[in-house]
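Here's the structure we're looking at; comments come further down.
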Amino acid sequence: MSDEILINVSPQETRVGLVEQGVLQEIFIQRASHVGVMGNIYKGRVERVLPGMQAAFIDVGLDRTAFLHASDIHVDAANSPASGAGDINALLREGDSVLVQVIKEPLGSKGARLTSQLTIPSRYLVYLPHADHVGISTKIEDEDERTRLRDLLTQLIEESGRPGSFIVRTAGEGVNSEELRNDVTFLHRLWDSIQEAAPHSSAGTLVHSDLPLIMRTLRDLMNDDIERVRIDDEAAYQRCVAFAQRFVPGTAEKIELFDGTAPIFDLYGAEDELQRALDRKVPLKSGGHLIFDQTEAMTTIDVNTGAYVGYRNLEETIFKTNLEAAQTIAHQLRLRNLGGIIIIDFIDMIDETHREQVLAALGKAMSRDHAKSVVCSLSSLGLVEMTRKRTRESLERILCEPCPTCMSRGRIKSAETVCYEIFRELRRTARQFQAREYRVLAHPDVIARLADEQSTGLAELEEVVHKPIRLLAEAQYLPESYDVVPL
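Residues 1 to 487 in full-length UniProt numbering are what the sequence shown lists, from first letter to last.
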């Protein structure tokens, strides 16, 4: 089964799904209410310099000031180490203007992450105006091809007579000199336009924006494995074809207008897969399951055998479950776009060979991921530690919001616990107020428990306070909310 890209367009939201072998692997979402800023170039103004953190906060016109670390600041040749290069106080002062690029979207309560070491991508290359070396994508493994590309780019740089350098993207494997020359010329012209616009831009404004989501998809995701791109909006389809014909040669014929009767994300069960990606529990085909817990600091994944009992022995059952879990974890990390520190608690394995095979399976499954990841060996506690580059919000953070009932704890107090709190509040209120009666307003489940299982305790409390207690169910109350009203 071939790989495809599904693009669902509406006035409010654009969704791009990458389908590999008939399974939704990655999802990209852009909403009209929140357009991503990744890759955008701004003229920023330094708001605060923090020597203790060797960083500065930059106003680029976003809701929150963005973060720029000293290590991400381009240092001119004139700023030699002797003149203090690397020291934030020597590089920036409050009120300075600086040309910066977003390398990480605002995440949670954190502002965007910036760099002044700018990079400008095209189909085959990434231009680095301030660098002086040629780079080749690590996914191009053939040494002869790497050498050919490096020599070719070096020659093109010398011919242009311009500063800066390039990195060959994975899509550049096998391209000829003319295609690379066209990309070099395009990127030089684009950089010239940015340099011309920057001096006339006021601080805190956008100088250059990256391509819209659909165009970025064609630029970044299109490869020989993609058999077709389906788009369910005619206007977007026309724009994509025109863009592909000009900038992504050989791919325009792969773009199709989808006119099916069912929604496009119903293909391959992509909509259902997307909904399941929001669940905390992920079932395994064997009967086991995974538990995903995403926190501010890290993501933890617990592997359980569940109903799977195997056919031979316990060790073999654990090994089979862990192998399947490794494949599913790699899929879910991509689909949920989970990044940062990730801790995986595989089921304990005694056999060292089994451990190595599970780690190898996880590494192989992660190899198709577009985000850079590093998988460490098993720790002394039997945990696998890994990192995955995080540049944008996770799927859960995009589609969900904190629960108003549990206040993001993931748990709510039981009805029994709330009943006991009400008993304590009744005693407290009775000491403070003289009343004819006390009325309790609470969620229907809590009121039902007070009238049934806790009726004896409620009767005893009436004797203590010497006043009747009336119960009133309020459907609009949250399960943990209640009021005790003296009348």
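Glycine included, every Cβ here is placed at the ideal spot set by N, Cα and C.
query, result
"Roughly how many angstroms separate the alpha carbons of Q432 and P468, rounded to a whole number?", "16 Å"
"Which residue comes first and which comes last in the beta strand (DSSP E) that contains Q101?", "S97 to K104"
"So, with DSSP's three-state summary, where would you put R31?", "strand"
"Report the CB separation of T65 from I73 in whole angstroms; it is logged as a contact under 8 Å.", "Not quite, the Cβ-Cβ distance comes to about 16 Å (not below 8 Å), so this is no contact."
"Extract the residue ranges of the alpha helix (DSSP H) inside the region 405-444, only unbroken runs of 4 or more that lie entirely within it.", "415-432"
"From R162 to T115, what distance separates their C-alpha atoms?", "22 Å"
"Can you tell me which of R436, Q434, Y482 and Q332 puts its alpha carbon nearest to the alpha carbon of V446?", "Y482"
"Across which residues does DSSP place N304 in a beta bridge pair?", "H289"
"Can you tell me whether L487 is helix, strand or coil according to DSSP?", "coil"
"From the DSSP output, in three-state form, read off M349 for me.", "coil"
"Provide the residue(s) that pair with D59 in DSSP beta bridges, ordered along the chain.", "R45"
"Pull the bridge partners of I447 from the DSSP assignment, please.", "Answer by DSSP bridge pairing: none, since I447 is not bridged."
"Within 10 Å of its beta-carbon, does E143 have 16 or more other beta-carbons around it, so buried, or fewer, so exposed?", "exposed"
"Using the C-alpha atoms, what's the distance from F186 back to E401?", "42 Å"
"Quick one: residues in its chain with C-beta nearer than 6 Å to the C-beta of Q25, no 5 flanking neighbours on either side, listed in chain order?", "L18 and R334"
"Could you pull the start and end residues of the beta strand (DSSP E) that L221 belongs to?", "It is not in any beta strand (DSSP E) - L221 carries neither H nor E in the DSSP assignment."
"So if DSSP puts G135 in a beta bridge, which residue, or which two residues, is it bridged to?", "I167"
"With distances taken Cα to Cα, identify the nearest neighbour of I329 among F67, L107, A430 and M386.", "M386"
"Measuring alpha carbon to alpha carbon, tell me which of V485, W191 and H370 ends up nearest R169.", "H370"
"Give the straight-line distance between the Cα atoms of P404 and A112, rounded to the nearest whole angstrom.", "27 Å"
"Please classify S109 as buried or exposed, where buried requires at least 16 other C-beta atoms within 10 Å of its C-beta.", "exposed"
"Compare the beta carbon distance of L99 and K43 with 8 Å and say whether it is the shorter of the two.", "yes"
"Determine the contact status of N344 and L383, defining contact as a CB-CB distance below 8 Å.", "Residue 344 is actually Ile in this sequence, not Asn. Their beta carbons are under 8 Å apart, which means I344 touches L383 by this criterion."
"For G135, verify whether its CB is less than 7 Å away from any heavy atom of the ligand ATP.", "This structure does not include the ligand ATP; it has no bound ligands of any sort."
"Start and end of the alpha helix (DSSP H) containing G457?", "S455 to V465"
"Could you pull the start and end residues of the alpha helix (DSSP H) that S209 belongs to?", "Where S209 is concerned, there is no enclosing alpha helix (DSSP H), given that its DSSP letter is neither H nor E."
"Are the beta-carbon atoms belonging to R368 and R219 less than 8 Å from one another?", "no"
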